[in-house]
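Chemist: This note's numbering applies: residue 26 is where the sequence shown begins, and numbers increase by one.
We put the beta carbon where it would ideally sit given N, CA and C, even for glycine.
Predicted model only: the values in this text are computed from it and were never measured.
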Amino acid sequence: MCGIVGYTGSKEAYPIIIKGLKRLEYRGYDSTGVALQNGRLKVYKKKGKVAELEDSLVGKNLHAHVGIGHTRWATHGEPNDRNAHPHSSASGKLAMIHNGIIENYAQLKQELIRKGYSFKSDTDTEVLLNFIEDIKTNNECSLEEAVRIALKRVVGAYVILLLDESMPDTIIAARKGSPLVIGIGKGEHFLGSDASPMLEYTKEVVYVNDYELAIIRPDELILKNLGNEKITPYVQKLDLELAAIEKGGYDHFMLKEIFEQPQTIYDCLRGRLDANAGTITMSGIQKYAEQIMNATRIIMVACGTSWHAGLVAEYIFEELCRINVEVEYASEFRYRNPVINPGDVIIAISQSGETADTLVAIETAKAKGAIILGVVNVVGSSIARVSHAGAYTHAGPEIGVASTKAFTAQLAVLTMIALKIAHDKGTISKERYMHLLNELNEVPEKVTRVLELSDHIKKLAEKYKDATDALYLGRGFNFPVALEGALKLKEISYIHAEGYPAAEMKHGPIALVDEKLPVIFVATKDSYHEKVVSNMQEIKARKGKLIAVITEGDDTTAAICNDVMAIPEADEVIAPILSAIPMQLLAYYIGVAKGYDVDKPRNLAKSVTVE
Ligand code: AGP
Numbered sequence: 026m027c028g029i030v031g032y033t034g035s036k037e038a039y040p041i042i043i044k045g046l047k048r049l050e051y052r053g054y055d056s057t058g059v060a061l062q063n064g065r066l067k068v069y070k071k072k073g074k075v076a077e078l079e080d081s082l083v084g085k086n087l088h089a090h091v092g093i094g095h096t097r098w099a100t101h102g103e104p105n106d107r108n109a110h111p112h113s114s115a116s117g118k119l120a121m122i123h124n125g126i127i128e129n130y131a132q133l134k135q136e137l138i139r140k141g142y143s144f145k146s147d148t149d150t151e152v153l154l155n156f157i158e159d160i161k162t163n164n165e166c167s168l169e170e171a172v173r174i175a176l177k178r179v180v181g182a183y184v185i186l187l188l189d190e191s192m193p194d195t196i197i198a199a200r201k202g203s204p205l206v207i208g209i210g211k212g213e214h215f216l217g218s219d220a221s222p223m224l225e226y227t228k229e230v231v232y233v234n235d236y237e238l239a240i241i242r243p244d245e246l247i248l249k250n251l252g253n254e255k256i257t258p259y260v261q262k263l264d265l266e267l268a269a270i271e272k273g274g275y276d277h278f279m280l281k282e283i284f285e286q287p288q289t290i291y292d293c294l295r296g297r298l299d300a301n302a303g304t305i306t307m308s309g310i311q312k313y314a315e316q317i318m319n320a321t322r323i324i325m326v327a328c329g330t331s332w333h334a335g336l337v338a339e340y341i342f343e344e345l346c347r348i349n350v351e352v353e354y355a356s357e358f359r360y361r362n363p364v365i366n367p368g369d370v371i372i373a374i375s376q377s378g379e380t381a382d383t384l385v386a387i388e389t390a391k392a393k394g395a396i397i398l399g400v401v402n403v404v405g406s407s408i409a410r411v412s413h414a415g416a417y418t419h420a421g422p423e424i425g426v427a428s429t430k431a432f433t434a435q436l437a438v439l440t441m442i443a444l445k446i447a448h449d450k451g452t453i454s455k456e457r458y459m460h461l462l463n464e465l466n467e468v469p470e471k472v473t474r475v476l477e478l479s480d481h482i483k484k485l486a487e488k489y490k491d492a493t494d495a496l497y498l499g500r501g502f503n504f505p506v507a508l509e510g511a512l513k514l515k516e517i518s519y520i521h522a523e524g525y526p527a528a529e530m531k532h533g534p535i536a537l538v539d540e541k542l543p544v545i546f547v548a549t550k551d552s553y554h555e556k557v558v559s560n561m562q563e564i565k566a567r568k569g570k571l572i573a574v575i576t577e578g579d580d581t582t583a584a585i586c587n588d589v590m591a592i593p594e595a596d597e598v599i600a601p602i603l604s605a606i607p608m609q610l611l612a613y614y615i616g617v618a619k620g621y622d623v624d625k626p627r628n629l630a631k632s633v634t635v636e
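(1) Kindly list the residues whose CB is nearer than 8 Å to the CB of Ile517, restricted to its own chain and excluding five residues on each side of it in sequence; keep chain order.
(2) Considering only residues of the same chain and omitting the five flanking positions on each side of Gly415, which have a CB-CB separation below 7 Å?
(3) Counting C-beta neighbours from all protein chains within 10 Å, is the total for Pro222 16 or more, i.e. buried, or is it exposed?
(4) Rounded to the nearest angstrom, what separates Pro35 and Ile209 at their Cα positions?
(5) Can you check DSSP and say which residues form a bridge with His123?
(6) Identify every residue that forms a DSSP beta bridge with Pro422.
(7) With respect to 7 Å, is the separation between the Cβ of Val633 and the closest non-hydrogen atom of the ligand AGP below this value?
(8) Tell me which residues pass a beta-carbon proximity test against the ligand AGP: closer than 5 Å to any heavy atom, given in chain order.
(9) Grab me the residues of Arg173's own chain with a C-beta within less than 7 Å of its C-beta, minus the 5 sequence neighbours each way, in chain order.
(10) What do you get for Pro367, buried or exposed, if any count of 16 or more other CB atoms within 10 angstroms of its CB means buried?
(11) Smallest Cα separation from Glu245: which of Gly217, Ile207, Ala38?
(12) Quick one: does the C-beta of Ala522 sit closer than 7 Å to a heavy atom of the ligand GDP?
(13) Which residues bound the alpha helix (DSSP H) around His214?
(14) Report the option in Val403, Gly378, Asn362, Ile43 whose CA atom is closest to the CA atom of Thr389.
(15) Helix, strand or coil for Gln609? Go by DSSP, reduced to three states.
(16) Within 10 angstroms of its Cβ, does Pro40 collect 16 or more other Cβ (buried), or is it exposed?
(17) Between Ser356 and the rest of its own chain, which residues show a CB-CB distance below 6 Å, the 5 nearest in sequence each way excluded?
(18) To which residues of the same chain is Ile185 closer than 6 Å at the C-beta, ignoring the five residues directly before and after it?
(19) Assuming the contact rule is C-beta atoms closer than 8 Å, Ala327 and Ala392 should be a hit. Round their C-beta distance to whole Å, please.
(20) Mind checking whether Val68 and Ile43 have CB atoms under 8 Å apart?
(21) Tell me the rounded alpha-carbon separation between Tyr32 and Asp55.
(22) Determine the DSSP secondary structure at Ile482, reduced to helix, strand or coil.
(23) Under 7 Å Cβ to Cβ from Ala38, same chain only, skipping five residues before and after it: list those, please.
(24) Excluding the 5 residues preceding and the 5 following Thr257 in the sequence, name in chain order all residues of the same chain whose CB lies nearer than 7 Å to its CB.
(25) If we call anything under 8 Å between Cβ atoms a contact, is Lys70 one with Gly58?
(26) For Leu187 and Ile127, I'd like the C-alpha separation in whole angstroms.
(27) Could you tell me which residues DSSP pairs with Lys249 in its beta bridges?
(28) Would you mind working out which of Lys568, Gln609, Phe546, Ile606 sits nearest Thr582, comparing C-alpha positions?
(29) Could you tell me the distance, in whole angstroms, from the CA atom of Lys430 to the CA atom of Ile305?
(30) Which partner residues does Ile372 have in the DSSP bridge list?
(31) Hey, Val370 and Ala320 are a contact pair by Cβ (cut 8 Å); roughly how many whole angstroms apart?
(32) Drop a sphere of 10 angstroms on the beta-carbon of Glu165, count the other beta-carbons inside from all chains shown, and report buried for 16 or more, exposed for fewer.
(33) Which of helix, strand or coil does DSSP assign to Phe156?
(34) How many angstroms separate the CA atom of Lys455 from the CA atom of Arg297?
(35) Go through the region 519 to 592 residue by residue and report every complete run of the beta strand (DSSP E) that reaches 3 residues or more, in order.
(36) Relative to the C-alpha of Glu229, which candidate in Ser218, Lys541, Pro243, Asp264 has its C-alpha closest?
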């Protein structure tokens with residue numbers, strides 16, 4: 026959840042760091058700080074936004090060529106100045122920032138207190154820093170060696186950046202379980218929780234792996250494992266553009282990302298789906314195609330919106346591949362000591378690739394012998410690297426906290442995987458395969474048509490923005506879309522919303538229905554349609570406000586609704602990619618109409634890297 030930035034080189038460090046922290050604001054945070062090294066260590070930190078820190082530093086001497094910066098999302102110790110990062114060691118000679126959780130910090134803290142240490146903050150970070158300094162002092166060893174020794178005792182997840190007053194141009198970094206990227210410049214190096222703080226300076230990056238430690242100077246990057254063995258850094262070329270991170274003329278990142286979906290879905294299909302040749306090529310999973318095809322069970326593991334993608338995939342995989350599918354909340358799966366049988370395949374779905382619950386869930390399953398496929402958006406992210414194989418969703422950076430384009434890209438990837446397996450297994454006819462292949466290929470163009478509803482949905486948002494509750498209902502492939510619609514509304518407008526299987530509404534939720542309650546149906550033409558319309562009639566009979574996503578031309582259903590959002594016809598297997606988009610727009614416009622920060626909704630963070 027925290028944002029990390031570092032710089033060492035010939036430029037002024039402070040402007041680079043503060044700008045980098047602003048690029049990471051979308052990750053969510055409650056306090057921020059910088060440490061600058063110019064022979065003396067200076068630490069400035071406070072609760073609040075990056076801009077507030079910046080204002081507080083006007084007029085100070087911030088000259089330095091080396092520095093680190095941090096935006097904190099509190100895990101240990103409440104958000105305040107004291108607990109903000111960077112932390113200074115007892116001697117004041119070291120400064121450190123940290124992203125992650127040190128699970129055995131209490132034990133380490135007790136050991137240090139017994140040695141006479143006292144602490145200025147309530148954080149696990151300060152404990153780790155003093156633990157490192159204690160080792161450095163008592164062993165009379167280098168900081169690098171002290172870090173290595175300390176991290177062998179640490180239980181938990183971390184990215185740490187350290188400055189040592191006695192090493193004026195050096196940053197020492199290490200990671201396990203939280204993300205760290207190093208940007209390679211000419212006579213300079215950049216560090217970040219992701220690539221956004223360095224994109225305008227360099228596109229050559231190194232993703233640091235778990236249990237690796239980096240010694241970074243302006244013209245030197247040394248990478249080692251905790252066994253002190255040198256590792257050759259694997260330099261990757263980023264194809265991200267800075268513009269891709271800016272809003273691109275839209276009012277919010279969320280709206281930009283909703284409107285990017287024709288392109289992002291096209292990017293997701295490109296190079297994989299060839300409608301003319303009738304082929305799907307998923308090189309990222311080819312090595313495990315046999316095991317997936319013969320899987321006795323597929324377990325989808327994810328959180329939040331990604332979990333909803335897994336739920337759609339359950340319907341698709343069972344329908345097309347005739348393989349038993351289970352969908353698990355990662356946070357429940359990992360603590361349950363799950364039964365993993367040989368032949369089980371886990372599909373981990375994650376936009377950020379850093380969601381702690383999902384990461385640990387798949388590490389648990391991997392240890393039990395399962396094959397792990399990652400369907401991830403962020404290249405080089407932890408979940409991508411822990412997986413045996415997988416497929417990137419190529420949706421580009423998703424800055425809005427609410428997941429939109431990543432969700433539809435996940436559905437596109439999962440549908441391609443299912444189609445490929447079904448084709449290779451022979452569980453669907455060649456005709457149905459080709460039909461669905463062409464339907465999937467037409468999605469980007471149909472999404473463009475769905476987006477033409479934007480102004481209409483903006484008007485609906487004005488009409489329903491003062492609702493205090495909402496019910497989202499759907500059946501079959503569209504049931505998970507109802508759940509996703511409810512989550513979007515909750516996240517963005519703070520209106521309480523529940524998603525339910527439409528038929529379940531009779532078993533309780535219908536008691537909620539009155540003339541004030543908006544009930545949003547996902548009611549596109551499919552094999553469940555007739556039953557869904559019956560459910561709609563039941564709501565209407567009780568004066569509920571009927572709003573529905575329907576198929577273009579379905580005038581019969583439109584006639585019983587208060588309002589509709591009509592989308593292009595699509596096979597029910599493919600329809601969720603389309604029916605999700607009006608839900609995204611409705612939530613977005615209601616959130617905007619209510620005056621909320623739709624890119625950074627309260628209490629939420631983009632990447633939940635704590636458990
Ligand atoms: C979705 O709008 C939310 N931001 C949240 O539920 C998110 O989907 C969840 O935290 C999982 O994140 P991931 O896809 O990065 O793993």
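Modeler: The relevant details are as follows:
(1) Met279, Ala427, Ala612, Tyr613, Ile615, Gly616, Tyr621, Val623, Pro626
(2) Gly309, Ile310, Leu398, Gly399, Val400, Val401, Ala409
(3) buried
(4) First, the residue type needs correcting, since residue 35 is Ser and not Pro in the sequence shown. For Ser35 and Ile209, the distance between alpha carbons rounds to 14 Å.
(5) Ile185
(6) Answer by DSSP bridge pairing: none, since Pro422 is not bridged.
(7) yes
(8) Cys328, Gly329, Thr330, Ser331, Ser375, Gln376, Ser377, Thr380, Ala427, Ser428, Val633
(9) Leu238, Leu251, Asn253
(10) exposed
(11) Ile207
(12) Among the ligands in the structure shown, the ligand GDP does not appear; only the ligand AGP can be found there.
(13) Note, His214: premise wrong, no alpha helix (DSSP H); beta strand (DSSP E) at 214 to 217.
(14) Asn362
(15) helix
(16) exposed
(17) Asp382
(18) Met121, His123, Ala199
(19) At roughly 19 Å, the Cβ-Cβ gap does not stay under 8 Å, so Ala327 and Ala392 are not in contact.
(20) no
(21) 22 Å
(22) helix
(23) Tyr32, Leu61, Ala89, His90, Val91, Gly92
(24) none
(25) yes
(26) 16 Å
(27) Leu238, Lys255
(28) Phe546
(29) 21 Å
(30) Met325, Leu398
(31) 4 Å
(32) exposed
(33) helix
(34) 18 Å
(35) 521 to 526, 543 to 548, 570 to 576, 588 to 592
(36) Asp264
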